[in-house]
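Residue numbers (this note's numbering): 1 to 447. For each residue, glycine too, the CB sits at the ideal point set by N, CA and C. Working notes, beginning with the structure itself.
Listed below in structure tokens is the structure:
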């Protein structure tokens, strides 16, 4: 009945969500529809989405998860109510007042501005696009890494822990998304400034890989020591198996982009480490082969649990017990080491010239266009050599979609779950019930 609305949390009527899928996602969808149909109403809708994002662009050039059109006081009230009481969503417990690279919100919005500018070279988009590029460049550390949030703010530690948002962040592909955006801009805008930041960013992956025998990566790393760092209270100081696998995939991509074998040199060490921490067969389920977190030094798994019923009386903790772990942040991951070994062998069999053939990073600037479609698949730099299309859908599938569209212009789907409305801050008294292995705590939990 449209009486409530959500992004990742329940939102107010004055909020625009940036975090994907959100406003930027719809802008890309409208541009794709324009490309597919030539109907100018879709371009106009993409322009409206882009203008909404520009109005909410942080002065630094990036974006927060959400834009509140009612102003900063309204946003602060939301953080102090819905955000602060979303037990498992600690990234919303504090109004940082800056912008974030988390969850690709800034990246997606920036890519939309780039596409809007390139479509018709409309100068309306050039200043906010340049501002977004400057945000990525200004926030990059000399060693090539990026923080999760920027600019830095004071007093941003949570739950008795230091502020983690300034650490070099690999979680949610922060670095990979920024590299992709910079390559897009380097190629399509003929921007020679971006060559060095791109190379430094790729080299940061090498610098942060830890020594054998624990030759992996964490979700985030200290910017000075390059050691793994803790973040949210359910993200301990640890190596992360899924992040290690994702970073190995990035190294494969970097070799294809550059033809430089240094990006493959220590891949076998990472794969050997992943094999060394594989779960025993009795703990493997649903294709999940590895523990999420591994303790530095001991190589023992760390499993995440919680106690209490809300953000006030509850707490997360880790130990060696694989039973009754939290379900909203799995302690188990599916990591296909065998497939990565096969890809490593395939790439090693190629000459650097063969591996990097068609690389948009090595191609002369201005000679490779963006993919024509962005929403039909997850877009990567390699898609600059294609138009981003997928095979045509079956006619029966299209007919089913058309038939499911209602009179109001949307597809209704069952609402299987809703969040708790805000009813006040949580009680220090633990509510009756079992909340260790549920997604949501007691009635005060707005997550």
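#1: If distances are taken between C-alpha atoms only, which option among 334, 286, 313 and 157 comes closest to residue 292?
#2: Exposed or buried, residue 6, counting other C-beta atoms within 10 Å across all chains shown (16 or more means buried)?
#3: CA-CA distance, residue 8 and residue 95?
#4: Among 271, 13 and 305, which has the Cα closest to the Cα of residue 290?
#5: Here's a check: name, in chain order, each residue in its chain whose Cβ is nearer than 7 Å to the Cβ of residue 179, leaving out the five neighbours to either side.
#6: Below 6 Å CB to CB, which residues in the same chain sit around residue 328 once its five sequence neighbours on both sides are set aside?
#7: Here's the rule: buried if 16 or more other CB atoms are within 10 angstroms of the residue's CB, otherwise exposed. What is residue 90?
#8: Please name the residue or residues paired with residue 302 in a DSSP beta bridge.
#9: What is the rounded straight-line gap between the Cα of residue 115 and the Cα of residue 59?
#10: Give the DSSP-derived three-state secondary structure of residue 183 in the structure shown.
#11: Could you check how far apart the C-beta atoms of residue 312 and residue 326 are, in whole angstroms? I think they sit under 8 Å.
#12: Quick one: give me the first and last residue of the alpha helix (DSSP H) that residue 78 is part of.
#13: Report the rounded CA-to-CA distance for residue 4 versus residue 12, giving the unit in angstroms.
#14: With 16 other CB atoms within 10 Å as the buried threshold, where does residue 243 fall?
#15: Report the residue ranges of all beta strand (DSSP E) runs contained in full by the stretch 328-356; include only those spanning at least 3 residues, in chain order.
#16: Taking the continuous beta strand (DSSP E) assigned at residue 68, which residues delimit it?
#17: Going by beta-carbon coordinates alone, are residue 277 and residue 310 separated by less than 8 Å?
#18: Run through DSSP, which three-state label would residue 93 get?
#19: Just confirm the distance between the C-beta atoms of residue 50 and residue 125, as a whole number of angstroms; I'd bet it's less than 8 Å.
#20: Got a sec? Which residues, its chain only, sit under 6 Å from residue 441 by beta carbon, not counting five neighbours each side?
The structure says:
#1: Numbered from its first residue, the chain shown carries residue 292 at position 292. Cα-wise, what sits closest to residue 292 is 334.
#2: Counted from its first residue, the chain shown places residue 6 at position 6. Answer is exposed; the Cβ neighbour count stays below 16.
#3: Walking along the chain shown from the start, residue 8 turns up at place 8. Walking along the chain shown from the start, residue 95 turns up at place 95. Each residue's alpha carbon lies about 15 Å from the other.
#4: As a working mapping, residue 290 is identified with position 290 in the chain shown. The option with the nearest alpha carbon to residue 290 is 271.
#5: Sequence index remark: in the chain shown, residue 179 carries index 179 (1-based). So the qualifying residues of the chain are 198, 201 and 202.
#6: On the chain shown, residue 328 is found 328 positions in, with the first residue counted as 1. Taken in chain order, the residues that qualify are 88 and 439.
#7: The residue given as residue 90 occupies position 90 in the chain shown. Buried, by the Cβ-count rule.
#8: The count along the chain shown starts at 1 and reaches residue 302 at position 302. According to DSSP, residue 302 bridges with 293.
#9: Against the chain shown, residue 115 aligns to sequence position 115. Against the chain shown, residue 59 aligns to sequence position 59. Residue 115 and residue 59 have their C-alpha atoms spaced approximately 21 Å apart.
#10: Translated into positions along the chain shown, residue 183 becomes position 183. The answer is helix: DSSP assigns residue 183 an H, G or I state.
#11: Position 312 of the chain shown holds residue 312. Position 326 of the chain shown holds residue 326. The pair is not a contact, with the Cβ atoms about 18 Å apart (cut-off 8 Å).
#12: Against the chain shown, residue 78 aligns to sequence position 78. Element bounds for residue 78: 72-78.
#13: As a working note, residue 4 is residue 4 in the chain shown. As a working note, residue 12 is residue 12 in the chain shown. Looking at the two C-alpha atoms, the distance is approximately 8 Å.
#14: Residue numbering aside, residue 243 sits at position 243 when the chain shown is read from its first letter. Under this definition residue 243 is a buried residue.
#15: Runs found: none.
#16: As a first step, residue 68 is located in the chain shown; it is residue number 68 there, counting from the start. Its beta strand (DSSP E) spans residues 66-68.
#17: Position 277 of the chain shown, counted from the start, is the residue given in the question as residue 277. Position 310 of the chain shown, counted from the start, is the residue given in the question as residue 310. No. Outside cutoff.
#18: Residue mapping note: residue 93 aligns to position 93 of the chain shown, counting from 1. Three-state DSSP puts residue 93 in coil, outside helix and strand.
#19: On the chain shown, residue 50 is found 50 positions in, with the first residue counted as 1. On the chain shown, residue 125 is found 125 positions in, with the first residue counted as 1. Yes, they are in contact, since the Cβ atoms of residue 50 and residue 125 sit about 7 Å apart, within 8 Å.
#20: Your numbering for residue 441 matches position 441 in the chain shown. Hits under 6 Å: 87, 309, 310 and 435.
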